[in-house]
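Here the structure is laid out as C-alpha cells; the discussion comes afterwards.
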C-alpha cells in the first residue's frame with residue numbers, strides 16, 4: 001500500500017524531471033510526453049525486459065501512462081514555477097529513487113532470484129529511467145557524474161535484502177530502507193558527497 | 001496482403017533513410033547496413049520486446065534482413081540521385097509510418113491488449129526505428145523536433161482503433177486510416193505544421 | 001571448456017575497455033563499474049532479449065557481474081600501466097570478439113534458428129557490448145568507423161556455420177574459426193584494413 005502510493009509519487013516526480021529535460025532541448029509537446037513516460041516507466045521496463053518479467057508494468061496498468069502524460073503536460077504549464085520548487089523535487093526524486101529500488105528488489109525476489117541479481121534489479125529500476133532520459137536527450141547520463149545516486153540505490157537495495165535475509169518482516173525492512181536511503185541521498189546532496197572519479201587521459205585511441 | 005506489400009515498401013524506404021544517416025556520419029559499408037537494419041526493423045523489435053511478443057519479425061522472416069541490406073547497399077550506389085528523389089522519399093516514408101503503426105496496433109490487438117496499449121504499440125512500431133537510428137548516429141531524435149510525425153502515428157493508431165471499436169470491418173478501417181494518416185502527414189510537411197514546443201531554460205542544473 | 005575459458009578472458013578484457021572509456025569521461029567509480037558490466041555483458045544481454053532466450057547470462061551466473069566489477073576496479077588502479085599494455089589488450093579483445101561471436105552462434109543454433117539469424121546472433125553478441133558502451137558514453141559507436149571489426153565478427157560467424165553445415169565436428173569448427181577470426185582481426189589492425197566508407201553530404205535535412 002505505502003509502496004504503491006510512493007510509486008505513484010515517484011512516477012509523477014520522474015515524469016516531471018523528464019519533461020524539464022525535454023524542455024531544455026526544445027522538444028515539442030509530444031516529445032515532452034514521450035520523454036516523461038520513458039523517464040518514469042523506463043527503469044521498470046528495462047528491468048522487466050532483462051528479467052523476462054512479462055507483462056510490463058505499463059502494459060498491465062496503462063493508467064500509469066496517463067498519469068505520466070498528465071504530469072508532463074502540467075510541467076509545461078507550471079514551468080516558470082519549477083525553479084522555486086527545486087527543493088521539493090529533490091525530495092520527491094530521492095523518495096522515488098528508493099521506492100523504485102525497493103520495487104525492483106521485490107520483483108526479483110518474487111522470481112526466486114538471488115540477492116546479487118535482486119540488488120542489481122533494484123538499482124536498474126531506480127536509475128535506468130534517468131539513464132534512458134539522458135540517452136534520448138543525447139546527454140552523458142548524469143547519474144554517473146553527480147552526488148551519490150546510483151550508489152544510494154545500490155546501498156538501499158542491499159540494506160533491504162540484508163534486513164530480509166536476517167529475518168526482519170518485509171514491512172519493517174521496507175520502512176527502514178526507505179528512511180535510510182532517503183536520508184543518505186539528502187545528506188549526499190546537502191554535503192556534496194561524491195564517489196571518487198576515475199579520470200583517464202590518453203592520446204592514443206581506445207582499443208577498438 | 002495490402003499491408004504486407006506496404007510493409008515491404010516501408011522497410012525498404014526506412015532502410016534507405018537509415019543508410020543516408022550513416023553516410024552523413026561517414027560510416028563504413030558494414031555500419032551502413034547495420035544502421036539500415038536497425039532503422040527498418042528496430043521499431044517492430046522494440047515493440048515485440050516490450051510486449052513479450054516472440055519470435056521477433058526478423059527472426060521469423062530473416063529475408064527481411066536481406067531486403068534491408070540490399071536496400072542499404074543500393075543507397076550507397078545511387079546516393080548522388082537521392083537529392084532528386086527526396087519528394088518520393090517523403091511520400092514512401094509517410095506511407096511507411098502509417099503502415100508500421102497499423103501493424104503495431106494489430107499485434108497488440110492479437111494479444112488481447114487494451115486500446116491505449118494498442119495505440120502505444122502502434123506508435124512505437126512507427127517511430128522507434130527512426131529514434132534508434134538517431135541514437136546510434138548520436139543525434140537527438142529528430143522525431144521530436146520536426147513537423148508532426150510521432151503525433152501522426154498516434155492519431156492514426158486512434159483512428160484505426162476507434163473505427164474498429166465502432167464496428168467497422170478491419171479492412172475498411174485499415175484503408176481509411178492509411179488514407180487519413182498519409183494525408184495528414186503530407187499536409188504537415190507541406191504547411192510546416194508543428195506541435196507547440198516546450199522551451200525551458202534554467203541556469204541551475206537538473207534535479208539529478 | 002575452451003570456450004568458457006575464452007569467455008572469461010573476454011568479459012574481463014571487455015570490462016577493462018569499458019572502464020577506460022568511462023575514465024575518459026571522468027565518471028565516478030560506480031559509473032566505471034556499470035559501464036564495464038554493460039560493455040562485457042551487454043552484447044549477450046541484447047542477443048538474449050532479442051531472441052527471447054531467458055534467463056540472461058548474468059542472471060543465471062551472477063558471478064560474472066563480480067568478475068567484471070573486479071576487472072573494472074582493477075583497471076582504475078593500473079590505469080597508468082594501460083598504455084604499455086595496449087598491444088596485449090588488442091590481442092585479448094580480438095580473442096574476445098571471436099569467442100563472443102561463437103557463443104552467440106551456438107545460442108541461436110540451440111534454439112533451432114536458421115543460419116542467417118545465427119550469424120546475426122553471433123555478431124550481436126560480438127559487437128553490441130561495445131556499441132552500448134559508446135552510446136552510454138555518448139560517442140558515435142566506434143565499431144563502424146575503424147578497422148574491420150563488426151565484419152570480422154560476421155565473417156567468423158559464417159566460417160563457423162559453414163564448417164558445421166558441411167559436416168565438420170563442432171570442436172574442430174570452433175578451433176578453426178577462432179584461429180581464422182583472430183588472425184583476420186590482427187591483420188586488419190596491423191595493416192589498417194578498412195571497409196570502404198560511405199560519405200554522404202547534403203545541405204538539405206534528412207527526410208524526417
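Chains as they are written, first to last, in this note's numbering: chain Z, 1 to 208; chain P, 1 to 208; chain G, 1 to 208. Don't be surprised by glycine CBs; every beta carbon is placed ideally from N, CA and C. These figures come from a predicted structure and were not determined experimentally.
Ranked by how close their Cα comes to the Cα of residue 198 of chain G, the residues P/50, P/51 and P/79 have P/79 in first place.
At a beta-carbon threshold of 8 Å, the residues of chain Z lying near residue 79 of chain G are 198 and 200, ordered along the chain. Spatial neighbours of residue 68 of chain Z in its own chain (CB-CB distance under 7 Å, excluding positions within 5 residues in sequence) are listed in chain order as 11, 15, 36, 37, 40 and 41. What residue 117 of chain P touches in chain Z, judged by beta-carbon distance under 7 Å, is 59 and 62, going in chain order. Assigned with DSSP and collapsed to three states, residue 83 of chain P falls in coil, not helix or strand. By the C-beta criterion, the stretch 163–180 of chain G is judged to be in contact with the stretch 99–107 of chain G, since at least 3 inter-stretch pairs fall below 8 Å. In the DSSP assignment, residue 164 of chain P falls within the alpha helix (DSSP H) that extends over 150–165. No Cβ of chain G is located within less than 8 Å of the beta carbon of residue 190 of chain P. When the beta-carbon positions are compared, residue 119 of chain P and residue 161 of chain P come within less than 8 Å of each other.
Under a 10 Å Cβ-count criterion, residue 182 of chain P is classified as buried, with 16 or more other Cβ atoms of the shown protein chains found around its own Cβ. DSSP, read as helix, strand or coil, puts residue 48 of chain Z in helix.
If you draw a straight line from the Cα of residue 59 of chain G to the Cα of residue 122 of chain Z, it is about 13 Å long. The Cβ atoms of residue 49 of chain G and residue 49 of chain P lie closer than 8 Å to each other.
In this structure residue 43 of chain P touches residue 129 of chain P by the C-beta definition: roughly 4 Å separates them, less than 8 Å. Taken through DSSP and simplified to helix, strand or coil, residue 28 of chain Z comes out as strand. In this chain, the alpha helix (DSSP H) harbouring residue 133 of chain G covers 115–136. In this structure, residue 55 of chain G lies near residue 52 of chain Z, with their beta-carbon atoms less than 8 Å apart.
Between residue 200 of chain Z and residue 18 of chain G, the gap from beta carbon to beta carbon reaches 8 Å or more. When only Cα atoms are considered, residue 20 of chain G and residue 29 of chain G end up about 11 Å apart.
With at least 16 other beta carbons inside 10 angstroms of its own, residue 97 of chain P counts as buried.
Boundaries of the alpha helix (DSSP H) around residue 187 of chain G: 170–190. According to DSSP, residue pairing for residue 197 of chain P in a beta bridge involves Z/28. The residues 163, in chain order, have a CB closer than 8 Å to that of residue 172 of chain Z in the same chain once the five nearest residues on each side in sequence are set aside. At a cut-off of 8 Å between beta carbons, residue 30 of chain Z contacts chain P. Check the Cα spacing between residue 157 of chain P and each of P/131, P/139, P/184 and P/132: the tightest is with P/184. Around residue 49 of chain G, the beta-carbon contacts reaching into chain P at under 8 Å are 49. Contact check for residue 83 of chain G and residue 139 of chain Z: beta-carbon distance about 29 Å, past the 8 Å limit, so the pair fails to qualify. Around residue 65 of chain G, the same chain offers 37, 41 and 58 as residues with beta carbons nearer than 8 Å, after the five sequence neighbours per side are excluded. In this structure, the alpha-carbon of residue 154 of chain Z lies about 15 Å from that of residue 107 of chain Z. Taken atom to atom, the span from the alpha-carbon of residue 127 of chain G to that of residue 27 of chain G is near 23 Å.
Per DSSP, residue 56 of chain G is not a residue of any alpha helix (DSSP H), being assigned neither H nor E. At a cut-off of 8 Å between beta carbons, residue 94 of chain P makes no contact with chain Z.
In its chain, beyond the 5 residues on either side, 161 have a beta carbon closer than 6 Å to the beta carbon of residue 115 of chain Z. The CB of residue 131 of chain P never comes closer than 8 Å to any CB in chain G; the least such distance is about 11 Å. Of the candidates P/92, P/85 and P/86, the residue whose Cα lies closest to the Cα of residue 6 of chain P is P/92.
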